[in-house]
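Protein chains: 2
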Amino acid sequence: MKKQIAVILGDGIGPEVTQQSIKILDAIAKQYNHEFTYEYCLMGADAIDKTGSPLPDETLTTCLASDAILFGAIGHPKYDNDPTAKVRPEQGLLKLRKSLQLFANIRPVNTYTSLQHLSPLKAKNLEGVDFIIYRELTGGIYFGKKETSADGQSATDDCTYSIPEIERIAHLAFQHAQKRRKKLTLVDKANVLETSRLWRKVVQDLSSQYADVAVDYMFVDNAAMQIIVNPKQFDVVLTENMFGDIISDEASVISGSLGLLPSASVGSSVALFEPIHGSYPQAAGKDIANPIGSILSAAMLLDHFGLTVEADLVRSGVEWTLQHGFVSKDIDPINCYSTSAIGDLIRDFTENKL
Amino acid sequence: MKKQIAVILGDGIGPEVTQQSIKILDAIAKQYNHEFTYEYCLMGADAIDKTGSPLPDETLTTCLASDAILFGAIGHPKYDNDPTAKVRPEQGLLKLRKSLQLFANIRPVNTYTSLQHLSPLKAKNLEGVDFIIYRELTGGIYFGKKETSADGQSATDDCTYSIPEIERIAHLAFQHAQKRRKKLTLVDKANVLETSRLWRKVVQDLSSQYADVAVDYMFVDNAAMQIIVNPKQFDVVLTENMFGDIISDEASVISGSLGLLPSASVGSSVALFEPIHGSYPQAAGKDIANPIGSILSAAMLLDHFGLTVEADLVRSGVEWTLQHGFVSKDIDPINCYSTSAIGDLIRDFTENKL
Ligand SMILES: [Mg+2]
Ligand SMILES: [Mg+2]
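These protein sequence lines are chains E and B, in that order.
The first sequence stops at residue 354 when you use the numbering used here, and every number in between is there.
The second sequence stops at residue 354 when you use the numbering used here, and every number in between is there.
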């Protein structure tokens, strides 16, 4: 298989974690006779420093011409601490998401036996946790009309959803459920919200096309409890933008470390793969960051190409390092391994050299 | 002190748990020379059966003429399972809240050492957890304009807040913080929502009137994580209606049993006190329900009357029963005590008879 991957190293620890993923993708390509070519693009603070823009036109063009985007992280304190800054690194990512119409954010949530001590939840609540959240990313109240009244006495935010907006992400979630444990949970507030009732209607209507998938409906306040009390009940969770923001962040702490978690953002054309963590500038260049979030994002990229055997091999490599205690400083501050050492081990695992 | 309390026993386990609270309030009144009179009112399925209405006019009149309302629970499956039912028990509560303008829902969250094994969180995350959530209850997206487009292709919910709506609950939260650890956390999404920016502005403006209270701002997605990872950081949490619905339900599972949790709803006139649990009809009349949620609500009612010594005595009684294993079936299905036995023990504790 021949694929072009746009690589955005970005800021802070972005470059060093992404380089581990590329090392592993290269090893996979060699072993399975694929040809991955990488087009490096600028974005974020790095792009502002070099071009003045957080998302240069060239980057957008290259991304649109690629089969997937592997993304590190962006953001730098010199922009955060300057309220007068006209351009900000984060604008690059928002513009990229919008330009690529990345309407679905996908976050797997699972746990590792060797890391149970890091989770705020009891071990018995962690067993068998393996679900994936589909969050709508371009609609709802975050993108609705915003107004402050002329007298400044009140403010309004609109939440709007249309049937096509719901259908396109619902299809993706149903299709993913078919490949998993065949259960879809729609999280909404249909007892109160009109938009939630539309979500429920659309999902109900589509469910006849996916007769093998059991559909479940859960109010968002209850979901916020169930994610803690009984997370293993979930398989594929589908929800609108703001509910997804809240419950996917809540769910992210279950595994015990944000450094482990990958994500994908999928749209009408090219998809983007990135760890959920930020640019963590304090750790930049020190070879101490956790590369697992990026490496598991690369595994999702392989899945997206249909290369599930290869993706599973990468995930097995990650599990092997975690089980054997080859972990970064965020997981174990005493017995820790460097970013690049962990990347090397996972690469060696995929090459069967361990 | 002379006070009239409107009592709504309601449906399911409502009557039997509320009766424990009254038993204890009576003991407190006797010991501290107060005079509490109770006006029993109909509401919910019970009221529909007897009068045809879920909230008879008489109930509303009595409530408005009382100093506080002690509320059990409402709801019955015969209405839930009948989609054609024109009147529903829940309508009574919604109408009562609206008529009394109960704009602030107050929920304490704390933990008991003897119940740590019931919590989904690890014991180390439970130590020192003691916070209280102020949720705005009559505004925001739940009460905003709702629309489906003429062609049925899209739906909209409006979220609106005005400065006075925010100010009245913010004052209550600030005042409560002054009596506690003097920290207020506003939970919002001010990086995205116009209404959140208004909340932030109002709280910022009011903070100068409460110079002894440290104010903290937290995005709701982060709050959903922090409630699990580090709940002891919170003292008073203030938030809008929907965010409050989600995070207060999330926080409610920390203690290990929903049966333990009280709440108060405060408005322009008379306040209402109720356990957060429902009517649990399967357990009705069996003397097995957990009365602690109701009893701690009665303690909040005493606080509301300014009777803090009395309220603390009731809470000490609750702690004593939990510590000594005098718990209901939901807490320990093997060694359990009846609803009325637990009520008796707490009453005896307040009378210093144990
Ligand atoms: Mg978030
Ligand atoms: Mg709720």
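Glycine included, every Cβ here is placed at the ideal spot set by N, Cα and C.
Note that the structure is predicted; figures quoted are calculated from it, not measured.
Delimiting residues of the beta strand (DSSP E) encompassing residue i
i	result
residue 263 (chain B)	262 to 267
residue 62 (chain E)	No beta strand (DSSP E) holds residue 62 (chain E); the alpha helix (DSSP H) holding it covers 57 to 64.
residue 134 (chain B)	130 to 136
residue 272 (chain B)	271 to 275
residue 8 (chain B)	2 to 10
residue 35 (chain B)	35 to 41
residue 154 (chain B)	154 to 162
residue 286 (chain B)	Neither: residue 286 (chain B) is in no beta strand (DSSP E) and is coded neither H nor E.
residue 198 (chain B)	Premise fails: residue 198 (chain B) lies in the alpha helix (DSSP H), 194 to 207, not in any beta strand (DSSP E).
residue 239 (chain E)	236 to 239
residue 370 (chain E)	Outside the displayed range of chain E (1 to 354) lies residue 370 (chain E), so it cannot be described from this structure.
residue 318 (chain B)	Where residue 318 (chain B) is concerned, there is no enclosing beta strand (DSSP E), although the alpha helix (DSSP H) it sits in stretches over 308 to 323.
residue 185 (chain E)	183 to 188
Distance, residue j Cα to residue i Cα
i	j	result
residue 210 (chain B)	residue 235 (chain B)	15 angstroms
residue 258 (chain E)	residue 65 (chain E)	31 angstroms
residue 336 (chain B)	residue 34 (chain B)	33 angstroms
residue 56 (chain B)	residue 38 (chain B)	18 angstroms
residue 70 (chain E)	residue 21 (chain E)	9 angstroms
residue 44 (chain E)	residue 79 (chain E)	10 angstroms
residue 126 (chain B)	residue 54 (chain E)	43 angstroms
residue 357 (chain B)	residue 60 (chain B)	The first residue shown for chain B is 1 and the last is 354, placing residue 357 (chain B) beyond what the model contains.
residue 200 (chain B)	residue 279 (chain E)	27 angstroms
residue 309 (chain E)	residue 68 (chain E)	18 angstroms
residue 157 (chain B)	residue 254 (chain E)	31 angstroms
residue 260 (chain E)	residue 339 (chain B)	46 angstroms
residue 121 (chain B)	residue 220 (chain B)	20 angstroms
residue 192 (chain B)	residue 142 (chain E)	6 angstroms
residue 206 (chain B)	residue 178 (chain B)	13 angstroms
residue 77 (chain E)	residue 228 (chain B)	27 angstroms
residue 347 (chain E)	residue 354 (chain E)	10 angstroms
residue 110 (chain B)	residue 180 (chain B)	14 angstroms
residue 333 (chain B)	residue 256 (chain E)	31 angstroms
residue 239 (chain E)	residue 187 (chain E)	5 angstroms
residue 202 (chain E)	residue 237 (chain E)	15 angstroms
residue 94 (chain B)	residue 101 (chain B)	10 angstroms
residue 1 (chain E)	residue 58 (chain E)	26 angstroms
residue 356 (chain E)	residue 144 (chain E)	Only positions 1 to 354 of chain E appear in this structure, which leaves residue 356 (chain E) out of reach.
First through last residue of the alpha helix (DSSP H) which encompasses residue i
i	result
residue 84 (chain B)	From DSSP, residue 84 (chain B) is part of no alpha helix (DSSP H); its letter is neither H nor E.
residue 32 (chain E)	14 to 32
residue 225 (chain B)	220 to 229
residue 292 (chain B)	292 to 304
residue 108 (chain E)	Residue 108 (chain E) -> not in any alpha helix (DSSP H); beta strand (DSSP E) instead, spanning 102 to 110.
residue 143 (chain E)	Careful: residue 143 (chain E) lies outside any alpha helix (DSSP H) and carries neither H nor E.
residue 344 (chain E)	339 to 350
residue 258 (chain E)	Looking at the DSSP string, residue 258 (chain E) is not in any alpha helix (DSSP H), and its letter there is neither H nor E.
Chain-ordered chain E contacts of residue i [CB-CB under 8 angstroms]
i	result
residue 224 (chain B)	224, 246, 247, 249 and 250
residue 314 (chain B)	Here the premise fails: no neighbours, minimum Cβ distance about 27 angstroms.
residue 158 (chain B)	156, 157, 158 and 159
Contacts that residue i makes with chain B (C-beta to C-beta distance below 7 angstroms)
i	result
residue 161 (chain E)	154 and 155
residue 221 (chain E)	245, 246 and 249
residue 253 (chain E)	225, 228 and 229
Neighbour list for residue i in chain B, Cβ cutoff strictly below 9 angstroms
i	result
residue 109 (chain E)	The premise fails here: residue 109 (chain E) is roughly 13 angstroms from chain B at the closest Cβ pair, so nothing lies under 9 angstroms.
Check: residue i C-beta below 7 angstroms from any heavy atom of ligand 4
i	result
residue 249 (chain E)	This structure does not include ligand 4; its bound ligands are ligand 1 and ligand 2.
### Message
Using a Cβ-Cβ cutoff of 7 angstroms, what residues of the region 116 to 148 of chain B are near chain E? List them in chain order.
### Response
Listed by position, the residues of the region 116 to 148 of chain B near chain E (Cβ gap below 7 angstroms) are 120, 121, 122, 125, 141, 142, 146, 147 and 148.
### Query
Taking three-plus beta-carbon pairs below 8 angstroms as touching, is the region 291 to 303 of chain E in contact with the region 264 to 279 of chain E?
Counting C-beta pairs closer than 8 angstroms gives three or more between the region 291 to 303 of chain E and the region 264 to 279 of chain E, which meets the contact rule.
### Query
the region 265 to 290 of chain E: which residues have C-beta closer than 8 angstroms to a C-beta of chain C, in chain order?
This model lacks chain C altogether; the protein chains it does include are E and B.
### Task
Give the residues from the region 289 to 309 of chain B that approach chain E closer than 7 angstroms (Cβ to any Cβ), ordered along the chain.
Under the 7 angstroms Cβ criterion, the region 289 to 309 of chain B contributes no residue.
#### Entry: Cβ pair count under 8 angstroms reaching 3, the region 130 to 137 of chain E against the region 244 to 257 of chain E
Touching, per the Cβ criterion.
### Message
Beta carbons nearer than 9 angstroms to chain B: which residues of the region 182 to 199 of chain E have them?
### Response
Per Cβ criterion, the list reads 189, 192, 193, 194, 195, 196, 197, 198 and 199.
### Task
Would you check if the region 209 to 229 of chain B and the region 147 to 157 of chain B touch, i.e. whether three or more CB-CB distances between them fall below 8 angstroms?
With a cut-off of 8 angstroms, the region 209 to 229 of chain B and the region 147 to 157 of chain B do not count as touching, because too few Cβ pairs lie within range.
### Query
Within the chosen definition, does the region 8 to 28 of chain E reach the region 337 to 344 of chain E through at least 3 CB pairs nearer than 8 angstroms?
Touching, yes, given that three or more Cβ pairs across the two stretches are closer than 8 angstroms.
### Task
Determine contact between the region 306 to 324 of chain E and the region 273 to 287 of chain E, defined as no fewer than three beta-carbon pairs at a distance below 8 angstroms.
Between the region 306 to 324 of chain E and the region 273 to 287 of chain E there are fewer than three inter-stretch CB-CB distances shorter than 8 angstroms, so the stretches are not counted as touching.
### Task
Report yes or no: do three or more beta-carbon pairs, one from the region 170 to 179 of chain B and one from the region 188 to 198 of chain B, lie closer than 8 angstroms?
The answer is no - the region 188 to 198 of chain B does not touch the region 170 to 179 of chain B, with fewer than three Cβ pairs under 8 angstroms.
### Message
Between the region 84 to 95 of chain B and the region 115 to 130 of chain B, can you find at least three pairs of beta-carbon atoms closer than 8 angstroms?
### Response
Contact check between the region 115 to 130 of chain B and the region 84 to 95 of chain B: fewer than three CB pairs, one atom from each, fall below 8 angstroms, which does not count as touching.
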